[in-house]
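What follows is one structure encoded as structure tokens, with my remarks underneath.
Number of protein chains: 2
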Amino acid sequence: MNESRAGGRGGRSSGIAGEVWLREPRAYRSAPPLTRDRIVAETVALLDEEGAARLTMRHLAERLGAGSTTLYWHVRTKDDVLDLALDAIFRDVPLPAAPGHWADDVRGLITAWYAVMLRHPWAPGLLGRPMLGPNVLARTEFLQATLARGGLTGVDLAAATHGLANYVIGSALTRTAGGPEDVADQHVRAHADEYPTLAATGHLGEQDWNELFRRGLDALIAGLTGSGA
Amino acid sequence: MNESRAGGRGGRSSGIAGEVWLREPRAYRSAPPLTRDRIVAETVALLDEEGAARLTMRHLAERLGAGSTTLYWHVRTKDDVLDLALDAIFRDVPLPAAPGHWADDVRGLITAWYAVMLRHPWAPGLLGRPMLGPNVLARTEFLQATLARGGLTGVDLAAATHGLANYVIGSALTRTAGGPEDVADQHVRAHADEYPTLAATGHLGEQDWNELFRRGLDALIAGLTGSGA
DNA sequence: TCGACCACTAGACCAACGTTCGAGAATAGG
DNA sequence: CCTATTCTCGAACGTTGGTCTAGTGGTCGA
């Protein structure tokens, strides 16, 4: 504040034209100032790159070039950050602008939903809290509307919506649980005498998992919409 | 063991007969000594009564009448405690001694599985880690064996096992997520203009939820085992 | 031109947590 | 009676989420 007239002689800054150039146009320590959007984007990036365990408010702030306390001006708690990040990734689940056959739209939505969670393996583990974000809700609304378009109403409709949503969530959760290499595999095979049937199932590759997911999904859609019975 | 000869005369402690009575028979600060089983049982009780947020090693130790650090002799980390507690509750899912019709057995197992998780609402939120406990594995083995008994093999069998397991997990998770009162309900209804289809679904009671769960389950079983197509 | 206010930031600080360390008591074996 | 092992615990460390205090520069109305 004092700098502006430090070298000045007469009026205000008019005398010393160069003064402006000595000052940074905006003294932000890095990039643009903090916004909720930047925080959310950086949170997702951090979780993707370093995993959920490394998400601390300090570390997140550091990546944003800000002090840790600054975050609390934009966000109330760490849980807020988690909720925002979780909802944000579902923007990547496309809502078809031109709806096709309702069954195809349902299948496409659920599959994309599944894919997004596999792309962000930290997401399913955060599912213990209510999902009330606008992105999630919009997709759920689309799902239910599409099922209604298929002719479902009342309890049938509710059962289909929840059944499908629960199925994706469970599938993504069990898929991302456990380490990168399948520890479960080895463990089961090591106790093959106690779990003969489980051990008999060979090792599953990524391709296989997707196939299993697809089969369950088809079975659910068929059974819930009556198109298969 | 020493008490049996305390009153005796010969032997060693004969001289000071009363000495035994001055000493506690066993100087445990409370109840029997710590065992892994006691820890697990108390953990489940704590989680049931006070919720996951109040599970700290100190608090758990306090309830056990032990020092907090003592726990670490019986258990390596807090995650160990969580894993043990999670697996322990699945002992309550009965494995029928005399198997009936395979489809009934499957339905019964999954339903009991679901019920147990609702009885311990903290459980689904802990599902982000691999479930390799003996109780869970035994039930999964039984599930797959029963499906095999129904005639399924190969990919069909794997798809059915995982599909059903994922469905229960997802259903329990979404059911226990969110507060005691349905905050989601109010939220959706407050934005009824954006989520018309969702808002149109009235409030669901516990009865309704179970009905929805049953419908999805039946649809899955029918679709996955081919008994409905 | 001034001063009140708003948006935004940093540093020191707090209580609570999971976990480690090392010293010690209790018990079992010889 | 001694010794090794099993078990227990208080003290303390480092880290975490979160708050308090004290500012910064810019904007706007008077």
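Protein chains in written order, with numbering that gives the first Met the number 0: chain A, 0 to 228; chain B, 0 to 228. Note that the Cβ used here is the ideal one computed from N, Cα and C, for glycine as well.
Contact list for A/Val231 against chain B, beta-carbon separation under 9 Å: In the structure as shown, chain A begins at 0 and stops at 228. Residue 231 of chain A is therefore absent and cannot be evaluated.
Which residues bound the alpha helix (DSSP H) around B/Gly99? Within the second sequence, numbered from 1, the residue matching residue 99 of chain B stands at position 100. No alpha helix (DSSP H) holds B/Gly99; DSSP gives it neither H nor E.
Should A/Pro95 be flagged as near chain B, meaning a C-beta pair shorter than 7 Å? Reading the first sequence from its first residue, position 96 is the one you call residue 95 of chain A. Taking Cβ atoms only, chain B never reaches closer than 7 Å to A/Pro95, which makes this a no.
Start-to-end residues for the alpha helix (DSSP H) that takes in A/Leu172: Stepping through the first sequence from its first residue, residue 172 of chain A is reached at position 173. It spans 153 to 175 - the alpha helix (DSSP H) in which A/Leu172 sits, taken as one unbroken run.
Can you tell me the Cα-Cα spacing of B/Leu21 and B/Pro32, whole angstroms? Position 22 of the second sequence, counted from the start, is the residue given in the question as residue 21 of chain B. Position 33 of the second sequence, counted from the start, is the residue given in the question as residue 32 of chain B. Bear in mind that the predicted position of B/Leu21 carries a pLDDT of just 43, short of 50, making it unreliable; the figure below should be weighed with that in mind. Straight-line Cα distance between these residues: approximately 21 Å.
Buried or exposed by the 16-neighbour rule on C-beta atoms within 10 Å, applied to B/Gln185: By 1-based counting over the second sequence, the position of residue 185 of chain B is 186. A residue is called buried once 16 or more other Cβ atoms fall within 10 Å of its Cβ, and B/Gln185, having fewer, is exposed.
To which residues of the same chain is B/Gly225 closer than 6 Å at the C-beta, ignoring the five residues directly before and after it? As a position in the second sequence, residue 225 of chain B is number 226, starting the count at 1. Nothing meets the Cβ criterion.
I need the boundaries of the alpha helix (DSSP H) containing A/Trp208, first residue and last residue. Your numbering for residue 208 of chain A matches position 209 in the first sequence. First-last of the alpha helix (DSSP H) with A/Trp208: 205 to 224.
Would the segment 197 to 205 of chain A and the segment 137 to 149 of chain A be scored as touching if the rule is three or more Cβ pairs under 8 Å? no
Less than 7 Å between CB atoms is the rule here; does B/Glu140 satisfy it with respect to chain A? Taking the first residue of the second sequence as position 1, residue 140 of chain B is located at position 141. Chain A contact via Cβ: present.
Measure the Cβ-Cβ separation of A/Thr211 and B/Ala158 and say whether it is below 7 Å. Here residue 211 of chain A corresponds to residue number 212 of the first sequence, with the count starting at 1. Here residue 158 of chain B corresponds to residue number 159 of the second sequence, with the count starting at 1. In the sequence under discussion, the amino acid at residue 211 of chain A is Leu, which differs from the Thr named in the question. Cβ atoms of A/Leu211 and B/Ala158: closer than 7 Å.
Please tell me whether B/Arg25 has its Cβ less than 7 Å away from any Cβ of chain A. As a first step, residue 25 of chain B is located in the second sequence; it is residue number 26 there, counting from the start. Residue confidence is low: B/Arg25 scores 43 on pLDDT, short of 50, so the model does not pin down where it sits. No coordinate-derived value is stated.
Would A/Arg118 be called buried (16 or more neighbouring beta carbons within 10 Å of its own) or exposed? On the first sequence, residue 118 of chain A is found 119 positions in, with the first residue counted as 1. Exposed, since its Cβ has fewer than 16 Cβ neighbours within 10 Å.
I want to know whether the segment 168 to 175 of chain B touches the segment 104 to 121 of chain B - three or more CB-CB distances under 8 Å. Yes, since at least three Cβ pairs between the segment 168 to 175 of chain B and the segment 104 to 121 of chain B fall closer than 8 Å, the two stretches touch.
Residues of chain B with CB under 7 Å from A/Arg168, in chain order? Stepping through the first sequence from its first residue, residue 168 of chain A is reached at position 169. It is Ile, not Arg, that sits at residue 168 of chain A in the sequence shown. Per Cβ cutoff of 7 Å: Gly169, Leu172, Thr173.
The alpha helix (DSSP H) spanning B/Ala122 covers which residue range? Numbered from 1 along the second sequence, position 123 holds the residue referred to as residue 122 of chain B. Looking at the DSSP string, B/Ala122 is not in any alpha helix (DSSP H), and its letter there is neither H nor E.
Runs of alpha helix (DSSP H) wholly within the segment 44 to 73 of chain A (minimum 4 residues, chain order): 56 to 62, 70 to 73
Terminal residues of the continuous alpha helix (DSSP H) containing A/His186? For this step, residue 186 of chain A is matched to residue 187 along the first sequence. A/His186: member of the alpha helix (DSSP H) spanning 182 to 189, first to last residue.
Beta-carbon spacing of A/Tyr194, B/Leu156 below 7 Å: Numbered from its first residue, the first sequence carries residue 194 of chain A at position 195. Numbered from its first residue, the second sequence carries residue 156 of chain B at position 157. If you check the CB distance, A/Tyr194 and B/Leu156 do not come in under 7 Å.
Contact set for B/Trp101: own chain, Cβ-Cβ below 6 Å, skip 5 residues either direction: By 1-based counting over the second sequence, the position of residue 101 of chain B is 102. Only Thr145, Arg148, Gly149 meet the Cβ criterion.
Which whole-angstrom value describes the C-beta separation of B/Asp104 and B/Pro95, a residue pair presumed to lie in contact below a C-beta threshold of 8 Å? Counted from its first residue, the second sequence places residue 104 of chain B at position 105. Counted from its first residue, the second sequence places residue 95 of chain B at position 96. Indeed they touch by this definition, with Cβ atoms about 6 Å apart.
Alpha carbons only, please: which of B/Asn209, B/Leu216, B/Ala84 is nearest the one belonging to B/Gly300? The structure shown has nothing for residue 300 of chain B, since chain B only spans 0 to 228.
B/Pro123: buried (16+ other C-beta within 10 angstroms of its C-beta) or exposed? Within the second sequence, numbered from 1, the residue matching residue 123 of chain B stands at position 124. Looking at its Cβ environment, which holds 16 or more other Cβ atoms inside 10 Å, B/Pro123 is buried.
Whole angstroms is fine: what's the gap from A/Ala40's alpha carbon to B/Ala40's? Residue 40 of chain A sits at position 41 when you count from the first residue of the first sequence. Residue 40 of chain B sits at position 41 when you count from the first residue of the second sequence. Each residue's Cα considered, the two are about 42 Å apart.
Counting contacts by CB-CB distance shorter than 7 Å, is B/Gln185 in contact with chain A? Translated into the one-based positions of the second sequence, residue 185 of chain B becomes position 186. No, B/Gln185 does not count as interfacial toward chain A.
Neighbour flag for B/Ala84 against chain A, beta carbons, 7 Å: Translated into positions along the second sequence, residue 84 of chain B becomes position 85. Judged by the 7 Å Cβ criterion, B/Ala84 is not in contact with chain A.
Does B/Met116 come out as helix, strand or coil in the three-state DSSP assignment? Your numbering for residue 116 of chain B matches position 117 in the second sequence. Judged by DSSP in its simplified three-state form, B/Met116 adopts helix.
Bounding residues of the alpha helix (DSSP H) (the contiguous stretch that carries B/Leu33): Translated into positions along the second sequence, residue 33 of chain B becomes position 34. Run containing B/Leu33: none; DSSP gives neither H nor E here.
Spatial neighbours of A/Trp72 in its chain, beta-carbon cut-off 8 Å, leaving aside the 5 residues before and after: Indexing the first sequence from 1 puts residue 72 of chain A at position 73. Counting only Cβ-Cβ distances below 8 Å, and skipping sequence neighbours, we find Leu33.
Flag this pair as yes or no: are the beta carbons of B/Leu125 and B/Leu59 separated by less than 7 Å? Translated into the one-based positions of the second sequence, residue 125 of chain B becomes position 126. Translated into the one-based positions of the second sequence, residue 59 of chain B becomes position 60. No, the pair does not count as a contact, with Cβ atoms beyond the cut-off.
Which residues in the same chain as A/Ile38 place their Cβ atom closer than 8 Å to its Cβ, once the five residues preceding and following it in sequence are excluded? As a working note, residue 38 of chain A is residue 39 in the first sequence. These residues qualify, in order along the chain: Leu59, Leu63, Leu70, His73, Val74, Val80, Leu83.
Taking B/His119 as the query, report the chain A residues whose CB atoms sit under 8 Å from its CB, ordered along the chain. Residue mapping note: residue 119 of chain B aligns to position 120 of the second sequence, counting from 1. By Cβ distance, chain A contributes nothing, its closest Cβ being about 13 Å from B/His119, past 8 Å.
For chain B, find out if any of its Cβ atoms is closer than 7 Å to the Cβ of A/Tyr194; answer yes or no. Position 195 of the first sequence holds residue 194 of chain A. Cβ-Cβ to chain B under 7 Å: yes for A/Tyr194.
In the DSSP assignment, find the alpha helix (DSSP H) that holds B/Thr196 and state where it starts and stops. Locating residue 196 of chain B in the second sequence gives position 197, where the first residue counts as 1. Unbroken alpha helix (DSSP H) run through B/Thr196: 195 to 199.
Could you check the C-alpha separation between A/Ala296 and B/Ala218 for me, to the nearest Å? Because chain A spans 0 through 228 in this model, residue 296 of chain A falls outside it and cannot be assessed.
Within this structure, are the beta carbons of B/Pro129 and B/Thr175 separated by less than 7 Å? Taking the second sequence and counting its residues from 1, the one referred to as residue 129 of chain B is at position 130. Taking the second sequence and counting its residues from 1, the one referred to as residue 175 of chain B is at position 176. Not a contact, by the Cβ cut-off of 7 Å.
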